[in-house]
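Only one structure is covered here, and it is reproduced in the block below.
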Amino acid sequence: MAASGLLSPGPYHILSYGTLLGTTFFHTFVGGIFSFQVLARPQFSILMAKIFPVYFSLQTALPVVLALTYPAASAGAALLGGNGTSSLSGVSGVLDPANRWSVLVPIGTAFVTALANLAVIGPATTKCMDQRKLQEKKDGKRSYDAPPHSQEMAELNKKFSLLHGVSSVLNLASFLATAAYGFTLSARLV
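For the working numbering, add 142 to where a residue sits in the sequence shown, where the first one is 1.
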């Protein structure tokens, strides 16, 4: 590989995209599901509490890398119209009005949804899980045991379900935005 290839943003863009899509797909549709199926609930909670900060950090950082490494359209593609993409690279290319819907919106959506999970929803969910553990000790009953539950536990379970649901929707939105960007990226490769 020539030194110029190492300095080109293209390979880093492709590798970042692949890492983002692969990590999100695997965690969402494989790792998380199988972990829930094979681990006891307390161990699953411990595993997810350790994985989620790293996972959401990757999901947040990689769209930034995609924006920074966004490659300019090749000279030939730019002369032919470039599939509606601009010839600007990096953040300038992402922000170019010609790329608003095909590049900015998907990459921005992936970033914002992951950041919300990393900075707000994830920590709130972990805090709620910790509160449920404390309430379990007070009640002498696990949060996931059959009802009836104390009013405090019922409220915590409802809050946890809401937070988990919001996190899942944000994660799915991040996955869909990343996949949508894949169509834009693949159009630039032909």
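We put the beta carbon where it would ideally sit given N, CA and C, even for glycine.
Because the structure is a prediction, the values reported are computed rather than measured.
From which residue to which residue does the alpha helix (DSSP H) around Val247 run?
-> Run containing Val247: Val247 to Ala258, per the alpha helix (DSSP H) assignment.
CA-CA distance, Tyr334 and His169?
-> For residue 334 there is no data in the structure shown, the boundaries of the chain being 143 and 332.
Whole-angstrom distance between Arg330 and Leu298, CA atom to CA atom | Taking C-alpha positions only, Leu298 is separated from Arg330 by approximately 48 Å.
Burial state of Arg242 (16 or more Cβ within 10 Å) | Arg242 comes out exposed.
Compute the Euclidean distance between the alpha carbons of Leu149 and Gln293, then round it to the nearest angstrom.
-> Leu149 and Gln293: Cα-Cα distance of roughly 60 Å.
Inter-residue Cα distance where the pair is Gly147 and Leu257 = Going from the Cα of Gly147 to the Cα of Leu257 covers about 31 Å.
Between Pro290, Arg284 and Met295, which lies nearest to Arg183 when the distance is taken from Cα to Cα?
-> Nearest of Pro290, Arg284 and Met295 to Arg183, Cα basis: Arg284.
CB contact check: Ala209 to chain C, cutoff 8 Å | The chain inventory of the structure shown lacks chain C, comprising one protein chain alone.
Between Ala315 and the rest of its own chain, which residues show a CB-CB distance below 7 Å, the 5 nearest in sequence each way excluded?
-> Cβ contact annotation for Ala315 (same chain, cutoff 7 Å, sequence separation greater than five): Thr251 and Thr255, in chain order.
Taking Val236 and Val245 to be in contact with their CB atoms under 8 Å, please state how far apart those CB atoms are, rounded to whole angstroms.
-> Between Val245 and Val236 the Cβ distance is about 5 Å, and since that is below 8 Å, they are a contact.
What residue range is occupied by the uninterrupted alpha helix (DSSP H) comprising Phe302?
-> For Phe302, the enclosing alpha helix (DSSP H) starts and ends at Gln293 to Leu331.
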